[in-house]
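So the sequence lines, in the order shown, correspond to chains A and B. The UniProt record's numbering applies: residue 1 is where the first sequence begins, and numbers increase by one. The UniProt record's numbering applies: residue 1 is where the second sequence begins, and numbers increase by one. Note that the Cβ used here is the ideal one computed from N, Cα and C, for glycine as well. Let me begin by presenting the structure, written as structure tokens, before commenting on it.
There are 2 protein chains.
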Amino acid sequence: MTGIEYSHAAPAQNKASVPDHVHDVYPFLGVDWGGNTFIGAAVPFGMVKLGPDMESFDGRPSGFGYMSGGRIIGFSHLHLSGASGKYGNVLVAPVTGALDIADIRSPRTGEVNHPGYYAATLTRYGVQAELTSTRRVGFHRYTFPASAQSHLTVRIDHCLDKGPGSESQRFLGGEVHLISGHEAEGMGRYAGGWNKGGEYRVYFYMVLDTPAAGARTWAGGAMTTEKDAVINSDQPLGLTFDFHTRAHQTIQAKVGISFISTEQARRNVQMEAPGWSFDTIRDASVHLWNQALSKIDLHGETDSKRIQFYTAMYHTMLMPSDRTGENPLWKSNEPYYDDYYAIWDTFRSSGPLLTLIAPDRQRDLIRSLIDIYRHTGYMPDARSGNDNGRTQGGSNANVVVADAWVKGLKGIDYPTAFQAMLKDASVPPANPQKEGRGGIVDYNAKGYITLADERSGSRTVEYSYDDFAIAEVACGLNHPDEGRLFAGRAHNWEHLWDKNLTVQGFSGFLRPRNPDGSWAAPDMQVRGTWPDFFYEGDLWTYSLYVPQDVRKLIELSGGDQTFVKRLDNVFYRKHFDVTNEPGFLIPVLYNWAGRPDKTADVVNALLEKAFTDQRSGIPGNDDSGAMSSWFIFQSLGFYPDAGQDFYLIGTPSFPEANIHLASGKTLRIIARNLDSEHINHYIQSATLNGKPLDTSWFRHNQIVDGGTLIFNMGSAPDSWGTTNPPPSMSDAVSPPCAAAKSQQE
Amino acid sequence: MTGIEYSHAAPAQNKASVPDHVHDVYPFLGVDWGGNTFIGAAVPFGMVKLGPDMESFDGRPSGFGYMSGGRIIGFSHLHLSGASGKYGNVLVAPVTGALDIADIRSPRTGEVNHPGYYAATLTRYGVQAELTSTRRVGFHRYTFPASAQSHLTVRIDHCLDKGPGSESQRFLGGEVHLISGHEAEGMGRYAGGWNKGGEYRVYFYMVLDTPAAGARTWAGGAMTTEKDAVINSDQPLGLTFDFHTRAHQTIQAKVGISFISTEQARRNVQMEAPGWSFDTIRDASVHLWNQALSKIDLHGETDSKRIQFYTAMYHTMLMPSDRTGENPLWKSNEPYYDDYYAIWDTFRSSGPLLTLIAPDRQRDLIRSLIDIYRHTGYMPDARSGNDNGRTQGGSNANVVVADAWVKGLKGIDYPTAFQAMLKDASVPPANPQKEGRGGIVDYNAKGYITLADERSGSRTVEYSYDDFAIAEVACGLNHPDEGRLFAGRAHNWEHLWDKNLTVQGFSGFLRPRNPDGSWAAPDMQVRGTWPDFFYEGDLWTYSLYVPQDVRKLIELSGGDQTFVKRLDNVFYRKHFDVTNEPGFLIPVLYNWAGRPDKTADVVNALLEKAFTDQRSGIPGNDDSGAMSSWFIFQSLGFYPDAGQDFYLIGTPSFPEANIHLASGKTLRIIARNLDSEHINHYIQSATLNGKPLDTSWFRHNQIVDGGTLIFNMGSAPDSWGTTNPPPSMSDAVSPPCAAAKSQQE
């Protein structure tokens with residue numbers, strides 16, 4: 001596994017052959033009402049995400065949105081998508097008229113966003129702003145009105161979410177330097193936000209295509225003509241280039257960003273954007289997006305569904321951020337990604353999606369995780385600002401590795417990954433909110449976490465599944481002792497199962513245990529959960545979270561029929577929370593109970609109710625594209641049980657979808673007899689490569705080399721898929737590892 | 001006020017002049033995921049609502065929907081829209097092959113629904129079904145395949161929701177009679193569902209255009225050739241006409257429905273559908289819909305918004321059901337409507353909408369309420385199945401009457417209505433779940449309801465507003481003593497206001513009082529509310545429900561700025577429940593605090609997030625069109641404070657909307673500088689008939705005679721509407737009734 005070469009070279013590809021899906025992407029989809037998606041310009045997984053920041057009347061952390069009052073304060077270079085609490089650094093803003101650095105903000109009009117391009121007119125200043133970018137460089141084009149006082153300002157003290165919350169950011173200080181009449185550089189230091197690390201530094205180098213008539217800086221107080229300004233507090237720090245502009249005069253700026261040094265920021269400009277053609281940079285970004293989006297094509301879909309689908313593709317490829325070459329902490333030839341935000345969100349369907357349509361990217365994301373383990377001691381559960389944190393539930397990087405392993409993803413140092421997984425499962429972390437497994441001592445000794453540790457319910461069920469993932473890799477790497485140990489721990493969730501706990505007529509739920517092992521007092525049940533027992537999910541959601549052993553879960557819930565009624569109850573009584581990830585697998589659980597028709601009912605309704613083509617079209621935080629990836633899989637008609645090698649069939653949304661796999665082969669998915677009203681959402685029969693597919697699931701190796709999957713649809717349920725349910729751990733007739741064999745060559 | 005003639009005559013109108021908006025209606029909008037809208041054929045406010053009922057796998061009460069499994073069991077004649085728990089009577093189903101009355105169900109294909117027309121093909125039987133209707137007659141057209149065994153069956157024992165729930169229905173018995181080879185009649189008796197009454201009887205008369213080869217009946221057991229079948233239990237009861245059909249043979253049936261007698265049912269067929277032309281009946285229904293929908297026209301809207309808007313119009317005009325001439329309980333020349341389901345839902349915006357666009361209909365609905373008071377002793381809070389019940393919150397028919405009064409609606413016997421209001425406010429009802437005001441003794445004696453009665457919080461605030469409504473009418477009718485009494489009681493909500501109760505940093509909330517007057521124990525606050533203190537709403541929602549005195553509410557909440565932060569908290573932390581009516585007024589409350597820009601933010605986002613043009617496009621139960629009416633008003637750019645004579649301005653969705661008023665005049669609403677991205681949702685300035693309109697509200701008498709309202713839109717808030725907030729009771733400088741004058745001539 002050693003000696004793998006990591007190549008930065010892009011594959012040769014004929015531009016003309018790539019379909020133009022950029023115009024099927026509506027970046028505003030999901031920006032409002034909780035989706036929090038990024039607005040601006042970025043290349044796929046780009047480190048620089050250059051976009052507008054809006055005045056925040058109420059200290060809200062998102063840089064953009066309806067509720068923000070509509071005024072733009074400038075364009076900053078680092079953002080998240082579907083997340084908050086970080087970035088907004090190096091804020092560039094054009095201004096006309098007298099410059100008051102405490103009052104730079106403008107209403108906007110003519111706002112446009114496409115992948116790789118953003119434009120708006122700042123009506124207060126009469127300036128049109130256009131943005132594009134490379135991976136590490138923001139490219140700005142401003143069209144000014146005639147004005148004796150035109151300015152291009154840079155503010156370093158700005159960052160998103162300076163509110164009082166525990167996830168808010170702080171500006172710690174920095175410096176700016178005027179190099180010439182058209183160049184500046186500098187650095188800002190920031191702390192806070194989601195992770196549990198210290199400060200992070202953002203370096204910039206800015207170069208203009210137009211010499212300024214003058215330039216000024218400020219540090220704390222008034223503007224001066226000093227070329228250098230330094231501050232070590234949270235006071236204002238910035239610079240301005242001043243111009244006399246004629247009508248329609250264009251001034252362009254390139255801003256290289258680096259986490260290493262201003263020199264590196266300058267090199268990034270020289271390497272990635274040496275010229276001054278905005279359109280060349282934009283075209284290159286568009287081409288990268290079209291390459292990325294062309295991995296799936298659709299036929300017979302509505303305009304609305306096409307927009308939703310390709311926008312979801314776009315949203316799954318904004319994060320994590322590719323910072324290869326920009327790691328200030330250690331040197332390595334491995335890829336380096338940041339903004340795993342959070343793996344707890346993305347391991348469920350984002351990872352499996354990339355494994356299908358962009359396995360090289362998923363390989364690099366995992367290699368980066370492993371390299372972070374090598375140098376920090378842990379694979380992160382979440383990471384941003386060059387540091388790990390915060391953990392949410394389990395150590396689900398374990399599932400990410402296992403998913404790659406069981407699907408035969410090449411180019412990954414699995415032995416080292418296995419060491420990282422063993423550490424997660426064995427070594428109590430110094431700061432369990434930062435990395436590793438909180439409560440691991442109790443979990444390994446008693447088989448469950450107690451109320452002495454926070455999130456003891458969600459952590460116990462997630463660790464159980466993480467341990468199942470470790471067992472898979474252990475067996476695969478020929479470590480049968482570890483395989484048996486962790487396969488045994490994969491049953492640990494059963495230790496918190498109280499078969500006598502009855503809610504709304506259903507018996508058997510997770511229930512917390514006190515440190516002495518006794519059940520927590522029952523009088524707290526009235527609220528549907530216990531305080532701090534579950535993380536971002538309720539009793540119903542987590543009492544359905546056993547991806548490794550749904551068969552056993554059904555048995556403990558009273559059998560197939562009762563389990564179906566329980567799922568019905570979850571959906572009818574709105575215990576299902578479509579806005580968050582812990583329930584992602586719940587809709588397809590019907591398949592294990594022989595009722596894929598009910599999976600189809602629920603998925604069909606969720607795809608329509610919860611997702612639209614509007615600005616509010618993502619039901620909850622997009623979480624780095626996790627929500628979008630759920631939409632993509634379910635729209636295609638199947639959904640992964642991440643960490644295992646099979647997919648659950650739901651109901652297809654498109655008459656035809658083609659997935660272009662890394663092998664060069666194509667998986668065709670054809671749905672016959674679909675209708676516009678979605679009446680025919682029940683599968684009557686299916687074939688895979690011409691042979692009947694009677695099960696409501698299939699394995700990864702049945703499709704990874706391409707083929708044709710045909711669904712015949714009808715308006716009422718039939719007997720299809722009602723027998724031979726999907727795999728469960730309890731189905732195994734042999735001891736763990738007996739049947740294991742490496743998927744690797 | 002006596003001697004008013006009620007006319008059944010439709011106004012003369014030129015068919016050619018009516019725009020065709022029927023094709024802008026998508027009846028499936030809202031059918032799924034909780035909207036529960038009606039699918040089938042009905043005329044506006046039609047008594048007969050003829051549509052498909054689906055097999056219900058899980059005892060769900062709705063007759064139609066994704067989750068129902070997709071098989072149609074037949075077409076029944078009485079339904080609700082946006083409600084459940086009632087009807088599904090006289091189920092007609094075509095069948096081919098051997099007839100098993102225990103297994104009549106079929107998948108469907110080719111399903112189509114437009115106002116006044118429904119069609120689907122039942123694939124199991126190869127029969128195409130088409131439906132249309134008049135007010136009291138269902139018209140069926142079935143196209144059969146060649147078959148030696150074709151049947152047209154009628155089942156009387158069927159009704160919706162026979163589940164075990166407290167709102168489910170029961171079949172009590174009935175009878176069927178074969179009159180000839182092409183005629184039958186009969187009756188079914190049913191009880192249960194939402195109201196608090198006894199049984200209701202549904203009579204039918206059925207006539208075919210094709211003589212049957214044979215006919216059979218059944219009552220409890222097997223099919224027989226008896227012409228008469230009677231049963232007095234919940235066992236099967238029905239009949240079938242049997243045919244030998246050739247390919248594509250059409251068999252038509254007319255089914256008259258009556259609540260009086262089979263003779264009346266027959267007369268309804270003879271009067272309303274004398275001929276056999278399906279298309280004639282359908283065309284007449286379409287014409288009625290086009291007349292009703294043409295009261296508002298739009299310009300510059302998107303296709304999607306147009307469909308949403310006219311579908312919302314359609315949904316607001318399906319209920320209540322016009323049963324004039326079909327009242328089995330008393331004889332009267334007044335109009336008779338049933339399925340006020342519930343006024344608690346519809347008083348907020350459905351009533352004010354009809355007052356604007358169909359004041360004659362609203363007049364008749366109120367006359368019917370008053371006539372129900374005359375003969376049953378109470379204006380209902382809800383009514384269906386010819387009986388009152390169940391009450392939900394206040395006695396909000398009081399607000400319905402006051403809304404009509406302050407807006408000058410003619411043709412209503414206000415003195416009798418006033419007597420009905422006084423009774424609500426004075427006389428303890430025998431069954432407070434059926435009608436009247438539960439807890440009225442405490443309320444009138446102590447000024448609040450205690451925890452000794454259910455819903456003491458929501459009832460106290462609703463009664464306070466109901467009393468404000470009574471005061472308005474009392475003053476108008478020159479009863480100054482009553483005016484002062486009820487104006488005083490309109491402050492009663494303040495008695496449950498605990499200024500020291502602090503939640504999430506905000507102080508001052510409603511809090512229950514024990515029967516001895518002490519505050520309820522605070523340890524129950526953790527759940528956000530107390531059990532049974534509020535009906536279908538939480539502490540945040542009901543602590544904002546003071547439509548008569550928002551000024552006082554703001555004062556008790558800490559002033560404008562704190563109130564704005566409280567509203568922000570309600571929306572950001574998702575205390576606002578867009579799926580239910582108690583919070584309908586909350587978004588516009590910002591106007592009272594001088595922040596109409598925030599109203600615009602919230603309304604804009606809600607219109608997009610919560611409402612779509614899809615089958616799941618209504619966020620909660622449509623409640624007889626209440627949700628749809630909220631959408632209509634807010635899309636137009638203003639919203640009523642029902643029971644008072646002014647509207648709150650939000651943000652317009654259309655470049656131009658014209659409301660054709662009863663006066664023959666038109667109110668033009670023009671929004672300049674709207675953009676497709678909804679960036680420009682902030683009003684910068686406004687004019688009404690050329691004069692500046694600087695307030696975020698206007699009065700009914702400013703628009704009732706038509707005019708032109710112009711909004712100039714922009715992308716960021718400006719100072720428009722920040723001063724001169726809307727009226728509040730506390731603003732009054734004179735004692736109650738001093739300034740009152742009748743709006744009536």
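Determine the chain A residues that contact residue i at a beta-carbon separation under 7 Å, and present them in chain order.
i	result
residue 614 of chain B	608
When the cut-off is 8 Å and only beta carbons count, does residue i lie next to chain A?
i	result
residue 682 of chain B	yes
residue 164 of chain B	no
residue 33 of chain B	yes
residue 111 of chain B	yes
residue 525 of chain B	Because the pLDDT of residue 525 of chain B is 47, which lies under 50, any placement of that residue in the model is unreliable, and the number read from its coordinates should be weighed accordingly. Chain A contact via Cβ: absent.
residue 727 of chain B	no
Excluding the 5 residues preceding and the 5 following residue i in the sequence, name in chain order all residues of the same chain whose CB lies nearer than 7 Å to its CB.
i	result
residue 657 of chain B	296, 298, 636 and 669
residue 141 of chain B	130, 250, 252 and 278
residue 665 of chain B	705 and 706
residue 689 of chain B	707 and 708
What does residue i reach in chain A if we use C-beta pairs closer than 9 Å?
i	result
residue 71 of chain B	715, 716 and 717
From the beta carbon of residue i, is the nearest beta carbon of chain B less than 8 Å away?
i	result
residue 28 of chain A	yes
residue 102 of chain A	no
residue 605 of chain A	yes
residue 12 of chain A	Residue placement at residue 12 of chain A is poorly supported in this model, since its pLDDT is 42, which falls under 50; the coordinates still yield a value, given next. Cβ-Cβ to chain B under 8 Å: no for residue 12 of chain A.
Under 9 Å between beta-carbons, which chain B residues line up against residue i? List them in chain order, please.
i	result
residue 108 of chain A	679, 715 and 716
So the alpha helix (DSSP H) residue i belongs to, where does it begin and stop?
i	result
residue 461 of chain B	456-476
residue 351 of chain A	350-357
residue 571 of chain A	560-572
residue 71 of chain B	It is not in any alpha helix (DSSP H) - residue 71 of chain B carries neither H nor E in the DSSP assignment.
Could you tell me the boundaries of the beta strand (DSSP E) in which residue i lies?
i	result
residue 646 of chain B	646-649
residue 248 of chain B	No beta strand (DSSP E) holds residue 248 of chain B; DSSP gives it neither H nor E.
residue 219 of chain A	214-219
At a cut-off of 7 Å, would you count residue i as near the ligand GTP, judging by its Cβ distance to the nearest heavy atom?
i	result
residue 498 of chain B	Of the ligands one can find in the structure shown there are none, so the ligand GTP has no counterpart to examine.
Going by beta carbon distance, what residues of the same chain come within less than 6 Å of residue i, once the five residues before and after it are set aside?
i	result
residue 208 of chain A	182 and 253
residue 545 of chain A	461
residue 394 of chain A	462, 463 and 466
residue 518 of chain A	none
So, for residue i: in the same chain, excluding its five sequence neighbours on each side, which residues have a beta-carbon less than 8 Å away from its beta-carbon?
i	result
residue 294 of chain B	18, 19, 21 and 660
residue 625 of chain B	81, 82, 312, 315, 316, 317, 318, 319, 346 and 350
So is residue i in contact with chain D if we call contact Cβ pairs under 8 Å?
i	result
residue 659 of chain A	Considering every chain present, this structure includes no chain D. Its protein chains are A and B.
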